[in-house]
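Student: Keeping their order, the protein sequence lines are chains A and B. Following the numbering used here, the numbering of the first sequence begins with 7 at its first residue and continues without gaps. Following the numbering used here, the numbering of the second sequence begins with 7 at its first residue and continues without gaps. Glycine is no exception: its CB is placed at the ideal position from the N, C-alpha and C atoms. Computed from a predicted structure; not experimentally measured.
Number of protein chains: 2
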Amino acid sequence: MPRNDDHRMLTNIGSDRVRSVRALGRRAVRERERLFLAEGPQAVREVVAHRPDTVQDLYFEAQVGTQATDIRQETVLDAARAAGLSIREVSHEVLVAMSDAVAPQGVVAVCRPIDVPLDTVLDERPRFLVILTNVRDPGNAGTVIRGADAAGADAVLLSDSSVDIYNPKVVRSTVGSLFHLPIVTGVPIAVLLDRVRAAGLALLAADGSGDTLLGDVDLARSHAWVMGNEAWGLEPDVRAACDTVVRVPIYGKAESLNLAMAATLCLYQSAGLQKRPDIR
Amino acid sequence: MPRNDDHRMLTNIGSDRVRSVRALGRRAVRERERLFLAEGPQAVREVVAHRPDTVQDLYFEAQVGTQATDIRQETVLDAARAAGLSIREVSHEVLVAMSDAVAPQGVVAVCRPIDVPLDTVLDERPRFLVILTNVRDPGNAGTVIRGADAAGADAVLLSDSSVDIYNPKVVRSTVGSLFHLPIVTGVPIAVLLDRVRAAGLALLAADGSGDTLLGDVDLARSHAWVMGNEAWGLEPDVRAACDTVVRVPIYGKAESLNLAMAATLCLYQSAGLQKRPDIR
Chain A
7 MPRNDDHRML
17 TNIGSDRVRS
27 VRALGRRAVR
37 ERERLFLAEG
47 PQAVREVVAH
57 RPDTVQDLYF
67 EAQVGTQATD
77 IRQETVLDAA
87 RAAGLSIREV
97 SHEVLVAMSD
107 AVAPQGVVAV
117 CRPIDVPLDT
127 VLDERPRFLV
137 ILTNVRDPGN
147 AGTVIRGADA
157 AGADAVLLSD
167 SSVDIYNPKV
177 VRSTVGSLFH
187 LPIVTGVPIA
197 VLLDRVRAAG
207 LALLAADGSG
217 DTLLGDVDLA
227 RSHAWVMGNE
237 AWGLEPDVRA
247 ACDTVVRVPI
257 YGKAESLNLA
267 MAATLCLYQS
277 AGLQKRPDIR
Chain B
7 MPRNDDHRML
17 TNIGSDRVRS
27 VRALGRRAVR
37 ERERLFLAEG
47 PQAVREVVAH
57 RPDTVQDLYF
67 EAQVGTQATD
77 IRQETVLDAA
87 RAAGLSIREV
97 SHEVLVAMSD
107 AVAPQGVVAV
117 CRPIDVPLDT
127 VLDERPRFLV
137 ILTNVRDPGN
147 AGTVIRGADA
157 AGADAVLLSD
167 SSVDIYNPKV
177 VRSTVGSLFH
187 LPIVTGVPIA
197 VLLDRVRAAG
207 LALLAADGSG
217 DTLLGDVDLA
227 RSHAWVMGNE
237 AWGLEPDVRA
247 ACDTVVRVPI
257 YGKAESLNLA
267 MAATLCLYQS
277 AGLQKRPDIR
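The following block contains the structure:
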């Protein structure tokens, strides 16, 4: 056994440690402690694989599940041990008490924030960015981050008026993508637009009111997609600040697409659906 | 006032009528009564506009909301009156008691099933169909129906192992698309695949295991997309029965896309993102 495993199983659901983990379900506590929770084998596997530097503690429950579940968990724990992470076994009751999830699936990691400064992203000369402003629903924000990852975007930038990316529902709905690409948070939308434009990217607003169809946009030059609130779209001043306002065509009688659907189509249009050597 | 309005406001939340509407939240009751519920101004507007023949009763609460809400509701009620529908005012408490929704938004319609026989769809010589099998999450099923509508599919066919399309969560998440295009339900998947193939359409399985990339599929000939369960995809025998198994390329580090995202990309690839004269 590697020496970073503490072998005393945690069983007291009333302990300060359990309560402090559980409290990370609240935004104010996350911001004060500068910590958040990744829950379940998929999220924990991805943070261990891609951002082990951000993992403060990892808690797991000895599995009494199927063989497949046990193997999956062992793989995650082996990777965590190999990365030299602090690992602690807990009882089922403690894991449930720590987690926001209805079914925490055996493992949670307490992580330090993964967001990066805007300069870090712009210094890399990005060619394809995603900017979210006023996106309030955790599931939508997480799904767009997952889509940005799948489409090969260089980074996702969230304005200060957007949902907290460390909300457990956001973390879950990114299905690990939160740890795959650089994410910027907390910058006013006007600053994001100015800085990204100054870095040479075209600003493309995705909005049902757009007069340019998605298929007609020049995506060969570097660009950033700007997406707004799920219910009311982009504010007029944000639309006005963009170079092009783009809408996804509607062929049938539907009034609109939802944010995640429209975002997926725009981002994949950027990625190009053509066969490329670097895809899998 | 048109004569089809009954002017006595319903106020008794314990009445048989209110209870019988409320009971439509349960699948067994929906199937026995051959009725379901469309809730909120958007769904009700769409059923009144596109399938008024299926509306049995319409209940509304006099609005005390914003001017915009009142105008929206009046528009729906005017259209319902023009269609000669049975309309009844109810108290706020009655509307809440009737509805499955947390916020029923002032209006509900009790509707007869909108699904059509498979023959009705195939007799129209469809060129672009969507087949769902084992889709269990109401939100996913509704979102795919919405996407099929937006992409201009000719119909959606759900196998008998899929979620009930009259589940209030499905109805809500279609945002009216349930009433826009023909929908077939309750047919075994093997029969759906046989009949659709016999009608001359290629069967395209959408599955992460596919060896054909989305951008490489011939979509010029008539075809049906076959989509499976959100967690475990398509069953091996369904994949084997299809002509091509297609996967959406992943450009970044994401492991996969969710069902709604993958479906949206596939369906829009069929629609073609090119400018067409018939789009809006």
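Less than 6 Å between C-beta atoms, sequence neighbours within five positions excluded: which residues of the same chain meet that for B/D63?
Tutor: So the qualifying residues of the chain are S92 and V116.
Student: Any C-beta of chain B sitting closer than 7 Å to the C-beta of A/K175?
Tutor: No, its Cβ sits nowhere closer than 7 Å to a Cβ of chain B.
Student: Excluding the five sequence neighbours on either side, which residues of its own chain have a C-beta within less than 8 Å of the C-beta of A/N18, listed in chain order?
Tutor: Result list for A/N18: V24 and V100, in chain order.
Student: Using the Cα positions of A/W231 and A/A268, report the straight-line distance between them to the nearest angstrom.
Tutor: Cα-Cα distance, rounded: 11 Å.
Student: Are A/E45 and A/S105 close, meaning C-beta to C-beta below 7 Å?
Tutor: Yes.
Student: Less than 7 Å between the beta carbons of B/P213 and B/V254, yes or no?
Tutor: According to the sequence displayed, residue 213 of chain B carries Asp and not Pro. No. Outside cutoff.
Student: Suppose you measure from the CA of A/V181 to the CA of A/K175; what does that come to, to the nearest Å?
Tutor: The alpha-carbon atoms of A/V181 and A/K175 are separated by roughly 10 Å.
Student: In whole angstroms, what is the alpha-carbon distance linking B/V141 and B/S168?
Tutor: Using only the alpha carbons, I get a separation of about 5 Å.
Student: Could you run through the segment 257-273 of chain B and flag, in chain order, every residue whose CB is less than 8 Å away from some CB of chain A?
Tutor: Hits within the stretch, in order: Y257, G258, K259, A260, E261, S262, L263, N264, A266, M267, T270 and L271.
Student: Below 8 Å on the Cβ atoms is my contact criterion, and I expect B/L184 with B/I137 to pass it. Report the Cβ-Cβ distance as a whole number of Å.
Tutor: So it is not a contact: roughly 17 Å between Cβ atoms.
Student: Could you tell me whether any Cβ in chain B is nearer than 7 Å to the Cβ of A/A277?
Tutor: So, interface residue.
Student: Where in the segment 114-138 of chain B do unbroken runs of the beta strand (DSSP E), each at least 3 residues long, occur, reported from the N-terminal end onward?
Tutor: Fully enclosed beta strand (DSSP E) runs of 3 or longer: 134-138.
Student: Applying the criterion that 16 or more other CB atoms from any shown protein chain within 10 Å of the CB defines a buried residue, is A/I77 buried or exposed?
Tutor: Flag for A/I77 reads exposed.
Student: Count the C-beta pairs between the segment 222-242 of chain A and the segment 123-139 of chain A that are closer than 8 Å, then say yes if the count reaches three, no if not.
Tutor: They touch, by the three-pair rule.
Student: With 16 other CB atoms within 10 Å as the buried threshold, where does A/A74 fall?
Tutor: A/A74 is exposed by the Cβ-count criterion.
Student: What are the start and end residues of each continuous beta strand (DSSP E) run of 3 or more residues lying completely inside the segment 231-284 of chain A, in chain order?
Tutor: You should have 250-253.
Student: Mind checking whether A/D160 and A/P132 have CB atoms under 7 Å apart?
Tutor: Yes, they are a contact pair.
Student: I'd like to check one pair, B/H186 with B/D155: are the Cβ atoms closer than 7 Å?
Tutor: Yes, these two residues count as a Cβ contact at 7 Å.
Student: Give a yes or no on whether 7 Å exceeds the smallest Cβ distance from B/I285 to chain A.
Tutor: Only weak support is given to the placement of B/I285: the predicted model assigns it a pLDDT of 45, under 50, and the value that follows is read from those uncertain coordinates. Interface residue, yes.
Student: Under the DSSP definition of a beta bridge, which residues are partnered with A/Y65?
Tutor: A/R94 and A/V114, per the DSSP bridge assignment.
Student: I need the straight-line Cα distance from B/Y257 to A/V54, nearest angstrom please.
Tutor: In a straight line, the C-alpha of B/Y257 is about 21 Å away from that of A/V54.
Student: Would you report the Cα separation of B/N107 and A/P110, rounded to the nearest angstrom?
Tutor: It is worth fixing the name first, because residue 107 of chain B is Ala in this sequence and not Asn. C-alpha separation (whole angstroms): 28 Å.
Student: Residues of the segment 141-174 of chain B with a CB closer than 9 Å to any CB of chain A: list them in chain order, please.
Tutor: So the list reads T149, R152, G153, A154, D155, A156, A157, G158 and A159, given in the order they occur along the chain.
Student: Rounded to the nearest angstrom, what separates A/T149 and A/Y274 at their Cα positions?
Tutor: The straight-line gap from Cα to Cα measures roughly 14 Å.
Student: Rounded to whole angstroms, what's the CA-CA distance from A/H13 to B/G158? Just pull it up for me.
Tutor: Cα to Cα, the separation comes out at about 59 Å.
Student: With 7 Å as the threshold, decide whether the Cβ of B/S215 is near any Cβ in chain A.
Tutor: Not one chain A Cβ lies under 7 Å of B/S215.
Student: Can you check whether the CB of A/A208 is closer than 7 Å to the CB of A/D249?
Tutor: Cβ distance < 7 Å, so A/D249 and A/A208 count as in contact.
Student: What residue does the beta strand (DSSP E) around A/R34 start on, and which one ends it?
Tutor: Reading the sequence as shown, one finds Ala at residue 34 of chain A and not Arg. Element bounds for A/A34: not the beta strand (DSSP E) but the alpha helix (DSSP H), R33 to E39.
Student: If I measure Cβ to Cβ from A/M15 and keep anything under 6 Å in the same chain, skipping five residues before and after, which residues do I get?
Tutor: The residues are E95.
Student: From A/S228 to B/Q69, what does the alpha carbon distance come to, in whole angstroms?
Tutor: Looking at the two C-alpha atoms, the distance is approximately 49 Å.
Student: Distance check for B/V193 and B/L128, CA to CA, integer angstroms please.
Tutor: If you take the alpha carbons of B/L128 and B/V193, they lie about 14 Å apart.
Student: Should B/H186 be flagged as near chain C, meaning a C-beta pair shorter than 7 Å?
Tutor: As a matter of chain content, chain C is missing from the structure shown, whose protein chains are A and B.
Student: Could you check how far apart the C-beta atoms of A/V177 and A/F42 are, in whole angstroms? I think they sit under 8 Å.
Tutor: With a Cβ gap of about 7 Å, A/V177 and A/F42 count as contacting.
Student: Name the chain A residues whose beta carbon is nearer than 8 Å to that of B/S183?
Tutor: Those are G258, K259 and A260, listed as they occur along chain A.
Student: So who's on the other strand from A/E45, going by DSSP bridges?
Tutor: Per DSSP, A/V114.
Student: Quick check on A/R286: does DSSP put it in helix, strand or coil?
Tutor: Its pLDDT being 45, under 50, A/R286 is placed unreliably in this model, and the value from its coordinates should be taken loosely. Correct three-state label for A/R286: coil.
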